[in-house]
Structures are given as structure tokens and as C-alpha cells.
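Each residue of the first sequence is one higher than the last, beginning at 131 in the working numbering. All C-beta atoms in this analysis are idealised placements derived from N, C-alpha and C, irrespective of residue type, glycine included. Please read these numbers as outputs of a predicted model, since none were measured by experiment.
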Amino acid sequence: MSENIISQEQKRKIDWWKEKGIEPYGRKFLKQDIYQILENQTGEVSIAGRIMGIRKHGKAAFCDISDASGKIQAYLKKDIIGEPLWENFKNLDIGDIVGIQGELFKTHTEQLTILIKNFILLSKNLRSLPEKWHGLKDIEIRYRKRYLDLIMNHDVKNIFITRTKILSLIREFLNNKNFIEVETPMMHPIVGGAQAKPFITHHNALDIDLYLRIAPELYLKRLLVGGMENVYEINRSFRNEGISTLHNPEFTMLEAYSAYKDCEEMINLTEEILIYIIEKIYGKTEFIYQEKNINFQKPWKRILWTDIWKEIGINQWDNYQEVKNKAIEYHLEIEGNENVYDLLDLIFSKKIQTQFIQPTFVIGYPKEISPLAKSYKDNPDITERFELYISGLEVANAYSELNDPVEQEKRFQEEVKKATPDRPKTVDQDYIETLEYGMPPAGGLGIGIDRMVMLLTNSSSIRDVILFPLLKQKT
RNA sequence: GGGCCGCUAGCUCACCAGGUAGAGCACCGCCCUUUUAAGGCGGGGGUAGCAGGUUCAAGUCCUGCGCGGCCUACCA
């Protein structure tokens with residue numbers, strides 16, 4: 131891909147308009163939405179939009195005009211608009227933005243068309259649009275120049291409209307349940323709330339390093355202490371890790387917390403939210419993702435995390451040798467320095483998770499990998515936590531929140547022992563102090579919005595649901 | 001980070017036994033007043049991602065680099 135240079139022809143055209151005394155970049159124009167016109171089908175109309183096609187026929191021409199709401203054909207006749215406007219028209223190109231006034235009629239083929247009586251150039255396009263038939267296919271250009279992707283590829287626009295719709299539906303659902311939407315800091319003095327490498331930035335006036343948040347969790351739970359019983363945030367988190375079809379360095383998460391609830395109630399909430407959205411988007415509780423039908427009719431499958439290991443023949447999930455043998459049996463690549471949790475995660479992500487096509491709650495994760503979750507009363511090694519898998523993708527993570535400050539401090543200290551330079555860990559004393567004031571028992575839920583949008587728009591890459599995914603700069 | 005693939009006109013793509021670059025759309029000129037991938041005739045436009053190498057000769061073969069895609073490794 132090379133930076134294209136504005137051609138002599140295109141410069142000549144700009145000059146042509148200027149010489150005519152017409153500003154090629156116009157101003158406010160009173161327009162109707164094309165969609166409305168297509169609905170009403172009659173009368174004098176005024177529209178504005180981008181010229182997507184021109185078919186000239188001697189001293190007449192057809193144009194396709196498209197705006198945010200739709201696309202309509204316009205017909206131009208020299209003997210109606212007169213010589214001067216006809217000359218102007220000859221200096222329009224595909225891609226120009228114009229305002230048009232005219233009257234609706236139907237062509238011989240019964241196509242609703244605007245008979246142009248007057249038009250005005252509102253913005254000159256100096257670069258030729260991608261090819262009208264094949265459109266813009268180059269994936270790199272589609273991501274780098276998303277505006278072209280949106281102009282040329284109708285489906286792409288729909289994906290982002292659906293994304294916005296999903297976000298409104300989530301807010302609508304939670305607001306109706308008396309949840310309060312809040313905004314918490316994006317810049318954190320201490321890394322917390324998840325296991326991930328953070329981005330580091332610096333505040334000059336305070337002369338301190340700050341971390342872009344990897345999760346909002348600890349701030350949202352401070353709000354539980356403050357008496358907000360149902361809170362949520364939908365916003366970006368940042369993780370300084372690899373980029374893939376499932377990972378973008380900045381991504382959007384929903385985190386919701388509900389006081390006096392627990393993990394089990396978060397399962398209900400998760401089911402309700404998803405079904406609410408899916409029914410509003412699809413009008414039913416199932417849809418196709420990547421050629422597989424996914425059915426959200428309740429009850430959704432539930433499986434205990436500990437039972438997963440029994441099912442594949444591991445008697446003691448915390449028996450390192452037994453787990454390692456299984457990993458070897460599966461021909462998984464291991465380096466030797468993994469602990470038992472690493473190996474379990476490896477087996478899970480390679481061999482187990484991909485099988486959970488239908489919505490599946492995996493319930494009861496070990497304490498060691500769940501530092502913010504409350505343990506079961508009768509089993510201190512396992513926490514009241516679930517992850518939801520759909521089509522092999524981890525979509526949600528939730529648990530009963532640990533609200534015991536003494537226990538939380540111990541857990542933090544264990545985490546600090548696992549810290550690496552890449553993944554700094556600090557005991558968040560301020561958070562411990564917050565818990566010391568008393569946090570109500572609560573359930574917390576996190577949903578990866580981008581992945582959910584992927585599922586609901588049948589997108590195979592996270593880049594297809596993020597308007598401007600991070601790409602390397604071209605040098 | 002590793003593996004595979006791609007990068008040719010603004011866009012979509014050809015040419016690939018190495019012989020000095022083509023088509024369609026877009027753009028320009030002429031003809032055409034109900035087309036819709038409108039049509040007809042003519043025209044302009046390319047340091048073939050970048051840098052080396054092999055060769056009489058490289059878009060084509062080799063090496064390195066850049067960017068991207070897919071797979072793979074870690075976080076959601």
C-alpha cells in the first residue's frame with residue numbers, strides 16, 4: 131500500500147470549481163433522511179449524501195446517492211437543470227458529497243428516483259473510491275482506513291451499529307435492575323484486579339508512574355463499601371500483551387457488582403443479560419456463530435471445574451505428576467517450569483475449552499488462581515467462581531467477592547510472591563483498608579464486550595468489532 | 001516470540017520455464033436523455049513494499065528488512 135498522490139486531474143477539478151466561484155467544500159444543508167423518502171415515496175425532497183455511482187447517458191445521467199440511512203437513485207436531465215448546472219455536474223465524481231433537491235418519480239423499471247431540479251457540491255472527493263463491484267477487500271487498508279471500509283462495505287457498518295445496540299441493551303437491562311453506571315480511574319497507581327502485564331505511563335506534575343488499568347474491579351468494590359449496592363462500568367481496560375484475533379491491547383469490559391448476592395446469582399444475571407440481548411437482536415434465543423448453531427434456551431450447561439479433570443482421568447487435579455502426565459499424553463508443549471495450575475490451564479485451553487460450543491458455565495476454580503474470590507464454606511481450596519464459555523470463547527468471569535480483609539491481605543501477599551518485572555504486584559493496602567470498613571457480601575461479574583459482539587455479529591476476529599484496532603505504524 | 005502466506009495502477013486482480021508490466025472499475029476526451037457492474041470509441045496513469053545478491057537480463061530466483069493476514073505461545 132502506497133500513499134496515493136492527488137492526481138493532476140483532481141487538482142484541475144478543484145480549480146475548476148474555484149474558478150467558477152463555487153466553494154468546493156460547502157456548508158449546512160437542510161436534508162431529509164433517504165430512508166424516510168423511501169418510506170414516503172412521494173413529493174418534493176431534499177437529500178444529501180455521497181455519490182456512489184454515476185451512469186451517464188449523453189445529456190442525462192443517473193446517480194446513486196447514499197447517506198447514513200440508505201441509498202437512492204437520482205436522475206439528472208440537462209434540459210431540466212439547464213446548461214450551467216449541467217456543466218457543474220460534469221465536474222462531479224464518484225465519492226463527492228452533494229446536496230440534491232428534486233421530485234420523486236418512478237422509472238420504467240418502477241424504481242423510486244429523484245428527478246434532480248437543483249444540486250450543490252458539499253464536499254469534493256480528491257481520491258478515487260475503491261472499486262464499486264469488488265469493494266475494499268485489503269484487510270490492512272480496511273483496518274487502517276476504516277472510513278473507507280465503512281463507505282464501501284455495508285456489512286461493516288451494520289456490525290458497529292449492532293455493537294452500539296448491544297451496549298445500549300446492556301445499559302437498559304442493568305439500569306432497569308437499579309444498577310448505577312459509574313466511571314472509575316483508568317490510571318492506577320497500583321496494578322490490580324487481574325493477572326496481566328500493564329502499560330506504564332507517567333504523571334509529570336506528581337512525578338509518579340501510573341498504570342493503565344488492567345481491570346476496574348478494585349475501584350468498583352470500593353463503591354460497594356461506599357454503599358452503592360448495584361454498580362457497573364462499561365469501559366476500556368488495557369493489557370500489554372500479545373495481539374491476536376481474540377486480543378486487542380485496549381478492550382471493553384462490563385463489570386457489574388451486586389451487594390448481598392453471590393456467584394450463583396451472577397449465573398442468573400449472566401443468563402438474563404445475554405438472553406435479553408440476544409432476543410432483542412435476533413428475535414429468538416439462538417443464532418449461528420461460525421457455522422454452528424448456539425442455543426441460549428435455559429438451562430445452560432453447568433460443569434464443576436473439579437469434575438472436568440475427573441472426566442479426563444485425572445484423579446487429583448492438584449497432583450503435579452498426574453497432571454503433567456496427562457499434558458504429555460495430549461502431546462502438549464511443556465517447558466518444564468510450569469506449576470500445576472499452568473499445566474491445568476494448558477490442558478483446559480487446548481483440550482477442554484474448545485469443546486464448550488453451547489453456553490457452558492465452568493464452576494468452582496482453585497483459590498490460588500482466584501485471589502479476589504471467596505472460597506466455598508466447606509472447601510477452602512475452591513472458590514465460588516465461574517467462567518462462561520460460548521463457542522470455545524471465554525465470555526464471562528464471575529465470583530462471590532472476597533470481603534474478608536485479613537484473608538484478602540494474605541491472598542495479595544501470595545500474589546506478590548509470584549510477581550515478575552513484567553507483572554508487578556503490590557499489596558493494595560488502601561483496598562485492604564477499604565475492606566476493613568466492611569464490604570457487603572457481593573457477587574461480581576465481568577463480561578468481555580468485544581467477544582460478545584464477535585459472537586452476536588458472527589465475526590471471527592476481534593478487529594472486526596473494534597473500529598480502529600491497534601496496528602503497527604507504517605514506516 | 002515461532003511457523004506459513006501475501007505485498008504489482010486509486011481499487012479488484014492477471015502476468016510467475018527469469019526477457020524489461022496488463023485487464024476491469026475509477027479518472028480524462030468524444031458519442032449516447034429511463035440506466036442500474038449502463039454501453040461504444042480513444043487516452044493518461046506503475047522506481048512491481050524496501051534494501052541487497054545471483055544473472056547478459058529479476059515483479060518473477062536467493063538473502064535481509066518492513067507491513068499485513070492466518071496458525072501458534074501468554075492475558076479477556
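Assigned exposure category for residue i - 16 Cβ within 10 Å defines buried
{"i": "K98", "result": "With the chain covering only 131 through 605, there is no way to say anything about residue 98."}
{"i": "V525", "result": "buried"}
{"i": "F235", "result": "exposed"}
{"i": "K254", "result": "buried"}
{"i": "T375", "result": "exposed"}
{"i": "L536", "result": "According to the sequence shown, residue 536 is Val rather than Leu. Burial call: exposed."}
{"i": "S589", "result": "buried"}
{"i": "R593", "result": "buried"}
{"i": "N378", "result": "buried"}
{"i": "R157", "result": "exposed"}
{"i": "M317", "result": "exposed"}
{"i": "I269", "result": "exposed"}
Reference residue i; option with closest CA among the options
{"i": "D339", "options": "T331, D594 and L462", "result": "T331"}
{"i": "R541", "options": "E514, Y529 and K504", "result": "K504"}
{"i": "L585", "options": "Q559, I210, L350 and I289", "result": "I289"}
{"i": "G179", "options": "K161, H187, L434 and T172", "result": "K161"}
{"i": "N467", "options": "K547, G578, Y450 and L353", "result": "Y450"}
{"i": "G522", "options": "A549, Q538 and Q483", "result": "Q483"}
{"i": "E402", "options": "L462, N306, N455 and E347", "result": "N306"}
{"i": "V492", "options": "D472, E261, H238 and R432", "result": "R432"}
{"i": "D209", "options": "Y273, R157, L222 and A191", "result": "A191"}
{"i": "I244", "options": "L215, K201 and T513", "result": "K201"}
{"i": "I458", "options": "K481, T513, E441 and Q446", "result": "K481"}
{"i": "L532", "options": "E517, D508, D558 and M569", "result": "M569"}
{"i": "D558", "options": "Y205, I310, R293 and E347", "result": "E347"}
{"i": "L336", "options": "L342, G323 and P319", "result": "P319"}
{"i": "S591", "options": "E311, N527, V286 and T490", "result": "V286"}
{"i": "I577", "options": "F417, E363 and Q231", "result": "E363"}
Heavy atom of the ligand ADP within 7 Å of residue i beta-carbon
{"i": "L340", "result": "Because no ligand of any kind appears in the structure shown, any question about the ligand ADP cannot be addressed here."}
Straight-line Cα distance separating residue j from residue i
{"i": "N134", "j": "W263", "result": "In this prediction, N134 has a pLDDT of 39, which is less than 50 and means its spatial position is unreliable; nothing more can be read from the coordinates."}
{"i": "N218", "j": "D226", "result": "12 Å"}
{"i": "I250", "j": "F598", "result": "32 Å"}
{"i": "F303", "j": "L297", "result": "10 Å"}
{"i": "E545", "j": "I562", "result": "14 Å"}
{"i": "N425", "j": "E371", "result": "32 Å"}
{"i": "K327", "j": "N469", "result": "19 Å"}
{"i": "K602", "j": "N248", "result": "46 Å"}
{"i": "Q485", "j": "D437", "result": "15 Å"}
{"i": "E240", "j": "K220", "result": "27 Å"}
{"i": "I464", "j": "E421", "result": "32 Å"}
{"i": "I144", "j": "G229", "result": "18 Å"}
{"i": "Q138", "j": "M282", "result": "25 Å"}
{"i": "I271", "j": "R185", "result": "27 Å"}
{"i": "Q538", "j": "L565", "result": "9 Å"}
{"i": "L242", "j": "I211", "result": "19 Å"}
{"i": "L168", "j": "I177", "result": "12 Å"}
{"i": "T513", "j": "A345", "result": "20 Å"}
{"i": "E409", "j": "D508", "result": "38 Å"}
{"i": "E395", "j": "G573", "result": "7 Å"}
{"i": "E174", "j": "E213", "result": "22 Å"}
{"i": "H461", "j": "E311", "result": "46 Å"}
Three-state secondary structure assigned by DSSP to residue i
{"i": "R432", "result": "strand"}
{"i": "M584", "result": "helix"}
{"i": "N370", "result": "coil"}
{"i": "N285", "result": "Residue identity differs from the one stated: residue 285 is Asp in this sequence, not Asn. Three-state DSSP puts D285 in a helix."}
{"i": "S591", "result": "coil"}
{"i": "N248", "result": "strand"}
{"i": "S298", "result": "helix"}
{"i": "Y419", "result": "strand"}
{"i": "E380", "result": "strand"}
{"i": "N455", "result": "helix"}
{"i": "S479", "result": "helix"}
{"i": "T314", "result": "coil"}
{"i": "I596", "result": "coil"}
{"i": "L340", "result": "strand"}
{"i": "Y390", "result": "coil"}
{"i": "F491", "result": "strand"}
{"i": "N467", "result": "coil"}
{"i": "V361", "result": "strand"}
{"i": "E71", "result": "Summary: the structure shown does not reach residue 71, with the chain confined to residues 131 through 605, and so no result is reported for it."}
{"i": "E169", "result": "helix"}
Exercise. Mind listing, in chain order, the continuous beta strand (DSSP E) runs of no fewer than 3 residues lying wholly within the stretch 175-237?
Key: 190-197, 200-207 and 227-236
Quiz item: In chain order, which continuous runs of the beta strand (DSSP E) of length 3 or greater are located wholly inside the stretch 509-561?
Solution: 509-520 and 523-530
Self-check item: Ordered list of alpha helix (DSSP H) runs contained in the stretch 134-167, each at least 4 residues
Solution: 138-149
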